[in-house]
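In our numbering, the protein residues as written are 224 to 680. Notes for the one structure printed next.
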Amino acid sequence: MNKVHFIAIGGAVMHNLALALHHKGYAVSGSDDEFFEPSRSRLAATGLLPSSTGWHPEKITPDLDAVILGMHASADNPELIRAQQLGLKIYSFPDYLYEQTAHEKRIVVAGSHGKTTTTAMIMYVLRHCRVDFDYMVGAQVEGFDTMVRLSNTAKVAVFEGDEYLTSPTDRTSKFLHYHPDVAIITGIAWDHVNVFPTFDSYVDTFRHLVSSIQPSGTLIYYSPDDNLSSIASEKHSNALQTIPYAGFPWHLDDNGSVVANIDGQDVSLSVFGQHNMQNMQAAMYACQQVGITPAMFASAISTFSGAARRLQLLASSPSVCVYLDFAHSPSKLRATVQAVRSRYPNQHLIACMELHTFSSLTRDFLPQYAGAMQGADTPIVYFNPSVVKQKKLAEFSATDVYNAFAQENLTVLTSPSQVEQTLRSADRHNSVILLMTSGDFGGLDLNSLALSLANEL
Numbered sequence: 224m225n226k227v228h229f230i231a232i233g234g235a236v237m238h239n240l241a242l243a244l245h246h247k248g249y250a251v252s253g254s255d256d257e258f259f260e261p262s263r264s265r266l267a268a269t270g271l272l273p274s275s276t277g278w279h280p281e282k283i284t285p286d287l288d289a290v291i292l293g294m295h296a297s298a299d300n301p302e303l304i305r306a307q308q309l310g311l312k313i314y315s316f317p318d319y320l321y322e323q324t325a326h327e328k329r330i331v332v333a334g335s336h337g338k339t340t341t342t343a344m345i346m347y348v349l350r351h352c353r354v355d356f357d358y359m360v361g362a363q364v365e366g367f368d369t370m371v372r373l374s375n376t377a378k379v380a381v382f383e384g385d386e387y388l389t390s391p392t393d394r395t396s397k398f399l400h401y402h403p404d405v406a407i408i409t410g411i412a413w414d415h416v417n418v419f420p421t422f423d424s425y426v427d428t429f430r431h432l433v434s435s436i437q438p439s440g441t442l443i444y445y446s447p448d449d450n451l452s453s454i455a456s457e458k459h460s461n462a463l464q465t466i467p468y469a470g471f472p473w474h475l476d477d478n479g480s481v482v483a484n485i486d487g488q489d490v491s492l493s494v495f496g497q498h499n500m501q502n503m504q505a506a507m508y509a510c511q512q513v514g515i516t517p518a519m520f521a522s523a524i525s526t527f528s529g530a531a532r533r534l535q536l537l538a539s540s541p542s543v544c545v546y547l548d549f550a551h552s553p554s555k556l557r558a559t560v561q562a563v564r565s566r567y568p569n570q571h572l573i574a575c576m577e578l579h580t581f582s583s584l585t586r587d588f589l590p591q592y593a594g595a596m597q598g599a600d601t602p603i604v605y606f607n608p609s610v611v612k613q614k615k616l617a618e619f620s621a622t623d624v625y626n627a628f629a630q631e632n633l634t635v636l637t638s639p640s641q642v643e644q645t646l647r648s649a650d651r652h653n654s655v656i657l658l659m660t661s662g663d664f665g666g667l668d669l670n671s672l673a674l675s676l677a678n679e680l
């Protein structure tokens, strides 16, 4: 039996990988210095939750077949040092995913926005078409119990490809370890400024991804993106097939339902927005690479309802709909606000976003948000000045945020209670409320809040 130990097992992807290996029959152990939900409960349910928090070098024994190092661990982690002293095989989770799927056809979805949804669309269609496949995705997808699956039977693997750092000992992008047969790049918009200090350095990591595609592999790319089109037109030693896409045409029918034209066929959909039409076309082209016809794709995608926190409908009533989206970067904000505006052209749009990531809380990055919430009737931005201090970033004021977003009717808030009070006091009749964050607005119960906003008028 393979024995694997996880350093930082509590992470979102790490605990899912641990569960996947447990289900595969591996002996799994792990450590972490903190556990949050849902990883705590999910690890406990399978007997994988450590009996105590913290790092325990005694768990690192010579009989381990692999040690998997999470990004949350530091380079001087005592368990990592012990594993190095013993000469054990140490993997980052991207390295280990590749190791487990080296003989499978790998589809990797990358890009600054839309990669989770596009990955989820591919997974949903492959499952509908009864294709056996392994996967790793960054959000919960309806019909899938975990965010990672590794098997002994699949001949296809679908990975969401993240450009962030691989591990404390490997400062390259995670997606460079997957060596895809098929790569999708949904677009390039500067992010992760703590890792990529210039836009050119950010673009370069996607150029390296294209170079890492298997010989005679396939690049599927969003052609209206000038940087992507430039990369796709370059000479590549791996003799790529390149497939451009720009998104399916779509409209609202007489009943207000979303209808997309997929390869000449009108298909009613549950998802909406131009960005999702782009994601969907990319997903279709990827699915074709493993034998799924456009007609099969259209039939399957018609019932796709999205991934968690990606334009997820939290609550609705005859007067109000409340959506939650993961959007936090400028490009994601623009796409999400435009999507909701186009889906609900006659409703009052209240859009509230949280500056939560390192990039979004970096003062010099704030001007990237100029105009990002155009289309919202009531735009609101929340940030916590204490978090800026904790991250040891240059401090900024609510006025700085207001000026950066360059939108006259913008409201800037600095406490969770202000967010809740502002949303509750807004005129919500015939409105759509869009909550956009990679966090929770400083600890708000968003599900409870959404229900009250929709129903307590």
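Cβ coordinates follow ideal geometry from the N, Cα and C atoms, glycine included.
Exercise for the section: Let me know if D368 comes out buried or exposed under the rule of 16 or more other beta-carbons within 10 Å of its beta-carbon. Expected result: What you label residue 368 is simply residue 145 of the sequence shown in a count that begins at 1. The residue is exposed, with fewer than 16 neighbouring Cβ atoms inside 10 Å.
Exercise for the section: Taking F398 as part of the beta strand (DSSP E), name the residues at either end of that continuous run. Expected result: Reading the sequence shown from its first residue, position 175 is the one you call residue 398. Per DSSP, F398 belongs to no beta strand (DSSP E) and is neither H nor E.
Problem - Buried versus exposed, by CB contacts within 10 Å (16 or more), R329 - result: Residue 329 sits at position 106 when you count from the first residue of the sequence shown. Buried, by the Cβ-count rule.
Problem - Cβ neighbour criterion (16 or more within 10 Å) applied to P261 - result: Here residue 261 refers to the residue found at position 38 of the sequence shown. Exposed, since its Cβ has fewer than 16 Cβ neighbours within 10 Å.
Practice task
Run through the region 349-412 for me and flag every whole beta strand (DSSP E) of 3 or more residues, listed as ranges in chain order.
Solution key: 356-359, 379-383, 388-390, 393-396, 405-408
Handout entry: Given S493 as reference, the closest of D486, L311, S480 once Cα atoms are compared
Key = Within the sequence shown, residue 493 is the residue found at index 270, counting from 1. Checking every option, the nearest Cα to that of S493 belongs to S480.
Exercise for the section: Using the Cα positions of S583 and M596, report the straight-line distance between them to the nearest angstrom. Expected result: Your numbering for residue 583 matches position 360 in the sequence shown. Your numbering for residue 596 matches position 373 in the sequence shown. Spanning the two alpha carbons is a distance of roughly 14 Å.
Exercise for the section: Could you check what DSSP says for M500 in three-state terms: helix, strand or coil? Expected result: To locate residue 500, count along the sequence shown from 1; it is residue 277. Three-state result, M500: helix.
Exercise for the section: Mind reading off the beta-carbon distance from N461 to Q488? Whole number of angstroms is fine, and I expect it under 8 Å. Expected result: In the sequence shown, counting from the first residue as 1, residue 461 sits at position 238. In the sequence shown, counting from the first residue as 1, residue 488 sits at position 265. So it is not a contact: roughly 34 Å between Cβ atoms.
Exercise for the section: Evaluate S315 with the Cβ neighbour count: other Cβ atoms within 10 Å of its Cβ, from every protein chain shown; 16 or more gives buried, anything less gives exposed. Expected result: Position 92 of the sequence shown holds residue 315. Its Cβ being crowded by 16 or more others within 10 Å, S315 is buried.
Problem - Residues sharing a beta bridge with V610, DSSP - result: By one-based count along the sequence shown, residue 610 stands at place 387. DSSP, once it has assigned bridges, lists no residue as partnering V610.
Problem - Segments of 4+ residues assigned as alpha helix (DSSP H) that fall wholly inside the region 493-538 - result: 497-511, 517-524
Handout entry: Proximity to Q591 [Cα-Cα], best of S609, A627, E365
Key = On the sequence shown, position 368 is the one that residue 591 refers to. Ranking the options by Cα distance to Q591, first place goes to A627.
Practice task
Rank L271, A593, E302 by C-alpha distance to the C-alpha of P285 and give the top, closest one.
Solution key: Locating residue 285 in the sequence shown gives position 62, counting from the first residue. That would be E302, whose Cα lies nearest to the Cα of P285.
Practice task
Let me know the secondary structure DSSP gives A268 once reduced to three states.
Solution key: Within the sequence shown, residue 268 is the residue found at index 45, counting from 1. It is helical.
Problem - Close Cβ partners of C544 (< 6 Å) along its chain, the five nearest in sequence each way excluded - result: Here the question's residue 544 lines up with position 321 in the sequence shown. If we look at C544 and ignore the five residues flanking it on each side, its Cβ neighbours are V655.
Problem - contact_flag[the region 347-357, the region 371-378] where n(CB pairs < 8 Å) is 3 or more - result: yes
Handout entry: Buried or exposed by the 16-neighbour rule on C-beta atoms within 10 Å, applied to S335
Key = As a first step, residue 335 must be located in the sequence shown, where it is residue number 112. The residue is buried, with at least 16 neighbouring Cβ atoms inside 10 Å.
Exercise for the section: Look at the alpha carbon of D288 and the alpha carbon of L242, and state the distance between them as a whole number of angstroms. Expected result: Translated into positions along the sequence shown, residue 288 becomes position 65. Translated into positions along the sequence shown, residue 242 becomes position 19. So the alpha carbons of these two residues sit roughly 17 Å apart.
Practice task
Take every Cβ of the region 339-350, pair it with every Cβ of the region 289-298, and state whether three or more of those distances are shorter than 8 Å.
Solution key: no
Problem - Paired residues, beta bridge with F229 - DSSP - result: Looking up residue 229 in the sequence shown gives position 6. Partner(s): G253, I291.
Exercise for the section: To the nearest angstrom, report how far apart P166 and Q570 are at their CA atoms. Expected result: Lying before the first or after the last residue shown, residue 166 is absent from the chain, which here runs from 224 to 680.
Exercise for the section: Please go through the same chain and pick out, in chain order, the residues whose beta-carbon is closer than 6 Å to the beta-carbon of Y567, but skip the five residues on each side of it. Expected result: Looking up residue 567 in the sequence shown gives position 344. So the list reads V655, once near-sequence residues are dropped.
Handout entry: Cβ-based neighbour list, N417, same chain, cut-off 6 Å, excluding 5 preceding and 5 following
Key = Translated into the one-based positions of the sequence shown, residue 417 becomes position 194. Contacts found: F581.
Problem - Touch test, the region 657-667 against the region 544-555, Cβ-Cβ under 8 Å, three pairs minimum - result: yes
Problem - Rounded C-alpha distance that separates V642 from L636 - result: Counting from one through the sequence shown, the residue named residue 642 turns up at place 419. Counting from one through the sequence shown, the residue named residue 636 turns up at place 413. Their backbone Cα atoms lie some 7 Å apart in a straight line.
Exercise for the section: Verify whether the separation of the beta carbon atoms of A562 and I345 is less than 8 Å. Expected result: Within the sequence shown, residue 562 is the residue found at index 339, counting from 1. Within the sequence shown, residue 345 is the residue found at index 122, counting from 1. Contact flag unset, no.
Exercise for the section: Sort out for me which residues DSSP pairs G277 with in a bridge. Expected result: Numbered from its first residue, the sequence shown carries residue 277 at position 54. Answer is D255.
Problem - E365 versus N225 - alpha carbon distance - result: Along the sequence shown, read from residue 1 onward, the residue named residue 365 stands at position 142. Along the sequence shown, read from residue 1 onward, the residue named residue 225 stands at position 2. Their Cα atoms are separated by approximately 30 Å.
Handout entry: DSSP-derived helix/strand/coil call for A333
Key = Within the sequence shown, residue 333 is the residue found at index 110, counting from 1. Three-state result, A333: strand.
Problem - Candidates D404, L272, I524, of which the one nearest V251 by Cα - result: Taking the sequence shown and counting its residues from 1, one reaches residue 251 at position 28. Among D404, L272, I524, the Cα nearest to that of V251 belongs to L272.
Exercise for the section: Taking the CB atoms as reference points, tell me whether R564 and G598 lie closer together than 8 Å. Expected result: Position 341 of the sequence shown, counted from the start, is the residue given in the question as residue 564. Position 375 of the sequence shown, counted from the start, is the residue given in the question as residue 598. Contact: yes.
Problem - Beta carbon proximity, V227 to chain D, threshold 8 Å - result: No chain D is part of this structure, which consists of one protein chain only.
Problem - Pair within 8 Å by beta-carbon distance, T622 and I603 - result: Locating residue 622 in the sequence shown gives position 399, counting from the first residue. Locating residue 603 in the sequence shown gives position 380, counting from the first residue. No, the Cβ-Cβ distance between T622 and I603 is not below 8 Å.
Exercise for the section: Taking V331 as the reference, give the member of I408, S264, A574, N607 with the closest Cα. Expected result: By 1-based counting over the sequence shown, the position of residue 331 is 108. Checking every option, the nearest Cα to that of V331 belongs to I408.
Handout entry: Sub-8 Å separation of F422 and A333 beta-carbons
Key = If you number the sequence shown from 1, residue 422 lands on position 199. If you number the sequence shown from 1, residue 333 lands on position 110. No, these two residues do not count as a Cβ contact at 8 Å.
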